[in-house]
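Contents: one structure, followed by commentary.
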Amino acid sequence: MTPPTGRGPLHLAAAIDLPEVHEAAPYAELALLAERGALDFVTLGDSFARPGPDALAVAAGIAPRTGRVGLVPTVTTTHTEPFHVQAAVATLDWVSRGRAGWLVDVSATEAEARLFGRRPAAPREELWREAGDVADAATRLWDSWEDDAEIRDVATGRFIDRDKLHHVDFEGSTFSVRGPSIVPRPPQGHPVRVVDATAPPARETAARHADVALVRAASALQADAARAELRGLAARSGRDPDALRVFAALVVDLGGGECAAEPGHGGGPLPTAQGPAYRGGPVDLAELIAGWHRAGAVDGFHLTPLEPRRDLERLVNGTVALLQHRGLFRTFYPGSTLREHLGLARPANRYAQLAGKPGSLVGEPS
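Quick note: the sequence shown uses full-length UniProt numbering, first residue 1, plus one each step.
Written out as structure tokens, the structure reads:
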């Protein structure tokens, strides 16, 4: 399948939020629907003030019921312990056999701070700097076990090779972590990190640490400018900008079935309280997606259905099916992990690369 003229294959993801639902089955049903359309991943929203079940727990619950689609729960880095956050995300990667991601978010309200009583609310700029530290520490902890650290030698009673466990000795602005992790290195090496980079305080963190950045743009021009800015920031931070995927984030209301897009929506989404939104039919949405991607404005789209059950079904059976028919989107998964879906390489273990003599514990990598 030949991708359209743009900047790589088209990627698609969707939110499957059901805040009033507390059992796993309805979430699994939506995830399986997204998997039927070969979407890269689904996200689950969460916050300390949000009603509904814990997103990480839901993702772990639906992982055995799905086989290919990526699972990306929201996990906040404020008021939580970085060590436990990374261990939980690594565990999800093991449970899902390499399909885990992590939608990084922060908690900025005083009401949420009072739930914990550990510290007052802080400015978003400060919280996103801390989030960057947490994301950085997480990758080091994921690397603190080399891939072949587990021996499982029954005869000798040795479970691990201690020479292949490493202290990370991370010092952030608000926390420190010695390590190593309590979870072996995840199947993907590093589970995929996703950041909504729409707000300025989050952009630097996204450029430095995200594998996928979401931007809420009302036009292809806005999306292209945001993508260029993020790639530039990534390059200045020493990253390969080609390793960063930028998705346009849109709310979609496909309640009109096959009718034409509402006035103003044919050329792009309109602003709403929830962000840029598209209201119309699956066919015109396919045209919008194809046009933005063909122009090279984005690498993909993260779509939030206004009504999850109704709109996700119309998205998969209508919009995605049309894109597949035109050869603009894949009809099957080329691999088994979320990194493979996104065309991202599995990161090398920094400590294995830097390790010196056997038995040494490597500290801060360069």
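Note that beta-carbon positions come from the ideal geometry of N, C-alpha and C, so glycine has one too.
Mind reading off the beta-carbon distance from residue 328 to residue 282? Whole number of angstroms is fine, and I expect it under 8 Å.
About 14 Å; that fails the 8 Å criterion.
Keeping to the same chain, check which residues put their C-beta closer than 7 Å to that of residue 364; ignore five residues upstream and five downstream.
Its pLDDT being 37, under 50, residue 364 is placed unreliably by the model, and the measurement read from it follows with that caveat. 169.
Should residue 204 go down as buried or exposed, given a rule of 16 or more other Cβ atoms within 10 Å for buried?
buried
If you follow the alpha helix (DSSP H) that residue 102 is in, where does it begin and where does it stop?
Run containing residue 102: none in the alpha helix (DSSP H); it sits in the beta strand (DSSP E), 101-105.
Between which two residues does the alpha helix (DSSP H) harbouring residue 85 extend?
82-95
Only counting the same chain, and skipping five residues up and downstream in sequence, which positions put a Cβ closer than 8 Å to that of residue 118?
79
What does a CB cutoff of less than 7 Å around residue 346 pick up in its chain, not counting 5 residues either side in sequence?
188, 189 and 339
Taking its Cβ as the centre, do 16 or more other Cβ atoms sit within 10 Å of residue 138, making it buried, or is it exposed?
buried
When burial is assigned at 16 or more other CB atoms within 10 Å of the CB, is residue 86 buried or exposed?
buried
According to the Cβ coordinates, are residue 344 and residue 211 closer than 8 Å?
yes
Using only alpha-carbon positions, find the residue among 289, 193 and 148 that is nearest to residue 243.
193
Given that a residue counts as buried once 16 or more other Cβ atoms are within 10 Å of its Cβ, and exposed if not, what is residue 272?
exposed
Rounded C-alpha distance that separates residue 124 from residue 325:
43 Å
Of the residues 295, 298, 279 and 70, which one's Cα is nearest the Cα of residue 305?
279
Give the DSSP-derived three-state secondary structure of residue 333 in the structure shown.
coil
Distance between residue 218 and residue 12 (C-alpha atoms, nearest Å):
17 Å
For residue 140, the three-state DSSP class (helix, strand or coil)
helix
Residue 265 - DSSP class collapsed to helix/strand/coil
Model confidence at residue 265 stands at a pLDDT of 46, short of 50, so the residue's coordinates are unreliable; what they give is reported in the following sentence. Residue 265: coil per DSSP, three-state reduction.
Which residue from 50, 126, 55 and 215 puts its Cα closest to that of residue 88?
55
Exposed or buried, what is residue 74 when buried is set at 16 or more other beta-carbons lying within 10 Å of its beta-carbon?
buried
Out of curiosity, what's the CA-to-CA distance linking residue 285 and residue 319?
6 Å
Cα separation between residue 246 and residue 62?
26 Å
Contact under 8 Å by Cβ, residue 178 with residue 336
no
Specify the secondary structure class of residue 175 as computed by DSSP and reduced to three states.
coil
Since I believe residue 103 is in contact with residue 71 (beta carbons under 8 Å), could you give me their beta-carbon distance rounded to a whole number of angstroms?
With 8 Å as the limit, residue 71 and residue 103 do not qualify as a contact, their Cβ atoms being about 10 Å apart.
Taking residue 105 and residue 47 to be in contact with their CB atoms under 8 Å, please state how far apart those CB atoms are, rounded to whole angstroms.
7 Å
From residue 24 to residue 236, what does the alpha carbon distance come to, in whole angstroms?
42 Å
Check the DSSP bridge columns for residue 292 and list the partner residues they point to.
In the DSSP output, where bridge partners are listed per residue, residue 292 has none listed.
Residues near residue 274 in its chain [Cβ-Cβ closer than 6 Å; skip 5 each side]:
251
Per DSSP, what kind of secondary structure is residue 302 in: helix, strand or coil?
strand
Tell me where the beta strand (DSSP E) around residue 115 begins and ends.
No beta strand (DSSP E) contains residue 115, which is instead part of the alpha helix (DSSP H) from 110-116.
Under three-state DSSP, which class holds residue 134?
helix
Determine the burial state of residue 353: buried for a count of at least 16 other Cβ atoms within 10 Å of its Cβ, exposed for fewer.
exposed
Residue 73 - partner residues in DSSP beta bridges
44
Under 8 Å between C-beta atoms of residue 225 and residue 214:
no
Bridge partners - residue 212, DSSP secondary structure assignment
194 and 245
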